[in-house]
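Colleague:
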Amino acid sequence: MNTNTVYRLEKQMRETGSVKTRTSQRGRKHALTPEDLQNIDRVVQQEPDITIDEIIDKLGLHVCNETVRKAVIIAIPENNAKNSALQNVNYCVTDFRRTPVRLQIRSL
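Following the UniProt record's numbering, the numbering of the sequence shown begins with 1 at its first residue and continues without gaps.
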């Protein structure tokens, strides 16, 4: 075992009381916060025909269109449509080519 690993684990044990691997700190951080996702969901509920560019402008987001498009698709309730105000709504989503795309959500 590398000596730096031993020192790092000793320091971690002193600071946290554990030498367990910190897997939650790995990988790329999310571009959108949970608050951003809630705001996107709220805006889509209020204005079902809003475009991705309009969502970005309205919320002042600093992310690409594709990131917001994915968040909008996730916000559409496919499995829990019965519990959402979004059921049976047509969504106008603009893809990266700025082409309007209609998504039809059906009740379960």
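All C-beta atoms in this analysis are idealised placements derived from N, C-alpha and C, irrespective of residue type, glycine included. These numbers were taken from a predicted model, which means no experiment stands behind them.
1) Please state the DSSP three-state secondary structure of N4.
2) What whole-angstrom Cβ distance do I55 and I40 have, given they're in contact under 8 Å?
3) Nearest to Q46 by CA position, among V72, V19, Y7 and S18, is which residue?
4) Pull up the distance between the alpha-carbon of I14 and that of E35, whole angstroms please.
5) Of all the options L32, T16, E10 and V6, which has the alpha carbon lying nearest to the alpha carbon of C64?
Modeller: Walking through what the data contain:
1) helix
2) 6 Å
3) V72
4) Note on identity: in this sequence residue 14 is Arg, with Ile being the wrong assignment. Whole-angstrom Cα-Cα distance: 34 Å.
5) If you compare the alpha carbons of L32, T16, E10 and V6 with that of C64, the shortest gap goes to L32.
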